[in-house]
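Just so we're aligned: 706 in numbering that gives the first Met the number 0 is position 707 of the sequence shown, and the numbers increase by one with no gaps anywhere.
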Amino acid sequence: MTTRALLIELFTEELPPKALARLGQAFALGVHDALAQAGLVAPESVTEAFATPRRLAVRLTAVRGEAAPQTYAEKLMPVKVGLDASGAPTPALLKKLAAKGWADMDVSTLSRESDGKQDILVARGTAPGARLAATLQSAIEASIAALPIPKVMRYQLADGATSVRFVRPAHALIALWGNEVIPVEILGLTAGHATHGHRFLHPQAIAIESAVTYEAQLADVGHVVASFDTRRARIDTLLQAEARRLDATLGDDPAVSALLDEVTALVEAPAVYVGAFEPRFLQVPQECLILTMRLNQKYFPLFDPKTGKLTHRFLIVSNMPTAEPAAIIEGNERVVRPRLADAQFFFDTDRKVPLVQRVEQLASIVYHNKLGTQLQRVERVRTIAAWLAHALGADVTLAERAAFLSKADLSTLMVGEFPELQGIMGAYYAEGDAEASEVVQALAGQYRIRLEAPVTMANAIPAILFMADRAESIVGIWGIGLAPTGERDPFGLRRAALGILSGFEQLTAGGLLRVQDSGPLTLEGLLEAAALTFDGGRIAGTTVGEVQAFVFERLRNQLIQQYDRNAVEAVLALAPPLHQVPARVQAIEAFSQSPQALSLAAANKRIGNLLKKAEGKLGGIDSALLSEPAEQALAQMIERLAPVAASQLEQGEFGAVLATLAQARDAVDTFFNDIMVMADDPAIRNNRLALLSQLHGLMNQVADLSRLAA
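The structure is reproduced here in structure tokens:
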């Protein structure tokens, strides 16, 4: 069947830049899916999405004018309902056929098929395929309805009476199949072949000759790069070229990529120019200058490739390519100068008040109406930090000082203007106040997502503040009934839990927590220490247990990405110290491959089930009642292996513990083959259960082995 390229374009007022890429892809996918479902898109067709600040468009390279005929088979109703005794159609059947558009169908052509219980009337035939002209309207409407629009606008059409809803007012519609206009009407617009080029370089209408020539005509005549991806790649190339020419870099901050997406959505004809500001502004912390240039002005700051320090030059992505850009550059430099001057004023003014004197101002800043002020929160974090420092053998005074100053920068002018600089500015001001370097580092790193480097005594204070802050946050917010639900986690408690996990991971990597020790720091201890900092009755009494389970669930999700799920479940069933979990899982995963594993796991599961049947508390083992060779052999095996396993466990040699337990396999198998555990004599029964209880405890020191059984 004949295919042609199909082009749909909506020409609009300026679309929201941060949503443009998503809108363009969603619009293209929506049109494609609707037409493909109707059988109008050929297999070889390629879908091309276009998105500029003033247009959303899609081109499908191979679309049929009419889909292939479709065979159908539709069950109508039981024969006894659809036909009377003489074989004539009943009113029910005639009504059904009319509803399907088959009022003129010859009833004798209906086939009779059994569904196993009764005969059913079935209509079979071939229906004409969907026609593009009749389908395109609904396809575009469906695509528009499904767009991820951040905020819908309602606006009136030219008639002054009709109103429509869309992301921005639309002013023109193109619907071209090859060079043929498909007559559809969307958002009060009738499809044609006219669009508009660049707002300043070619504001006049452009008649698109065909769907195939769309992109080239916009570029050659309208000065518009229609493809978002092509435009982004061109801007990136221009930025990198200018940076290299100036012996500078754009930096490796993820914000660079996000800014590139945003400026791509702001221009249709990109050009890159170099701007500069007075070097005196470099006395201000570079984070302030970088943020104001990126956030407020959409500039790309440039950095020294050797030192990584900010330079006084920046790159401007303009929507006006010209051989004489002096006016554009001067205008941008004139705009950014007062922004940088404001940053310098904020910094200089903030430094006049020592950071420690700002702490008392936190009493007037509400943290949460159920949890008090920021000052009250600081005191809680301070107490938790002191507890952590004491547990780890770190400097308690430094830990308390870091916590005490941690939120003081919330009252500064700079953080008031740029909330993203919380902590960073506190570190600068603390350094200016000659606070200890450990305190400065702690303030600077307190808002990180996770700890990324091993924690030793040399960098313990930043880790302590990081973990104390998250422990206070997750216990407090959870404790007042604001636990995450489904996708919603407005207080970032999942992130806080992951941060705590990273703390235990890096404390272990740095040697402050040792695998062979169950302490000195445990998750339960940390959460209980945090809970004690809240006034009585302020948080729910079940909070610590619930939060501990929540953190372990986050850990489970991490581990099952790396290890066998059964091994993970076996270890977590014991809720061991967090810093021991990875080593235990690795040992169990290796053990599960051994020939003894399956047998011991099955035996362990069987023992657990038997112990559930025990009546009352089991006492010690009475050796005089061990009359059978198999139970005597098992008792001797336990007596021999228990001290060995205990010593290995104490050294954190989890693999060795499991290897020791593997020696019990034959004795365990023989015991279950030869011994009736649930003997009629209560004394013998309880003695055998006590023996199994001791074995159960011995076997489950590293993990719950029963979880390895199928």
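Where is the CB? At the ideal position from N, CA and C, for every residue including glycine. All values derive from a computational prediction rather than experimental measurement.
Of the candidates A215, Q647 and L688, the residue whose Cα lies closest to the Cα of K611 is L688. Listed in chain order, the alpha helix (DSSP H) runs fully inside the segment 395-469 are 395-404, 412-416, 423-431 and 436-444, counting runs of at least 4 residues. Q515 sits in coil when the DSSP states are folded into three classes, being neither helix nor strand. In the displayed model, Q155 falls within a strand according to three-state DSSP. Inter-residue distance for T108 and K79 is about 17 Å (C-alpha atoms, whole angstroms). With contacts defined by Cβ atoms closer than 8 Å, L22 and L14 form a contacting pair. Inside the segment 3-52, DSSP marks whole alpha helix (DSSP H) runs of 4 or more residues at positions 19-36, from first to last along the chain. Apart from the 5 residues on each side of it in sequence, K150 sits with its Cβ closer than 8 Å to the Cβ of P15 and V166 in its chain, given in chain order.
Contact between D408 and G425 holds: CB atoms are separated by about 4 Å, below the 8 Å threshold. Contact between E47 and V57 holds: CB atoms are separated by about 7 Å, below the 8 Å threshold.
Between L237 and R279, the alpha-carbon positions lie close to 28 Å from each other. Runs of alpha helix (DSSP H) with 4 or more residues, each lying fully within the segment 68-129, are found at 78-81 and 90-98, listed in chain order. Boundaries of the beta strand (DSSP E) around F299: F299 to F302. A distance below 6 Å between beta-carbons, with the five flanking residues on each side excluded, links D673 to the following residues of its chain, in chain order: A629.
Beta-carbon to beta-carbon, L522 and I463 are separated by about 15 Å, too far to satisfy the 8 Å threshold. V380 has its alpha-carbon roughly 44 Å from the corresponding atom of K604.
Note on the segment 517-593: whole alpha helix (DSSP H) runs with a minimum of 4 residues are 522-530, 542-558, 564-571 and 580-590, in chain order.
D347 is classed as exposed because its beta carbon has fewer than 16 other beta carbons within 10 Å across all chains shown. For L690, the three-state secondary structure derived from DSSP is helix. Here L131 is near I181, since their CB atoms are less than 8 Å apart. The shortest CA-to-CA distance from L82 to any of R111, L704 and E73 is the one to R111.
Annotation for S626: no alpha helix (DSSP H) segment contains it, and DSSP assigns it neither H nor E. Note on I606: 16 or more other CB atoms within 10 angstroms of its CB, so buried under the neighbour-count rule. Exposure of Y71 is indicated by the presence of fewer than 16 other C-beta atoms within 10 angstroms of its C-beta.
One thing to note: F503 has its Cβ no nearer than 8 Å to the Cβ of H389. When DSSP reads this structure, R312 sits in a beta bridge with A275. Around Q662, the same chain offers M636 and L640 as residues with beta carbons nearer than 8 Å, after the five sequence neighbours per side are excluded. R164: member of the beta strand (DSSP E) spanning S162 to F165, first to last residue.
For the options L186, V62 and E261, the alpha carbon positioned closest to that of P52 is the one of E261. Beta bridge pairing from DSSP links A204 with H195. About 27 Å separates the CB atoms of A702 and A528; that is not less than 8 Å, and the two are not in contact. Sorting V335, A270 and E332 by C-alpha distance to the C-alpha of S317 places A270 at the top.
Across the structure, D534 and L526 are spaced so that their CA atoms are roughly 15 Å apart.
G250 and F417 have their C-alpha atoms some 21 Å from each other.
Looking at the DSSP output, W176 sits in a beta bridge with L5 and E179.
Contact check for G509 against I448 fails: the beta carbons are separated by 8 Å or more.
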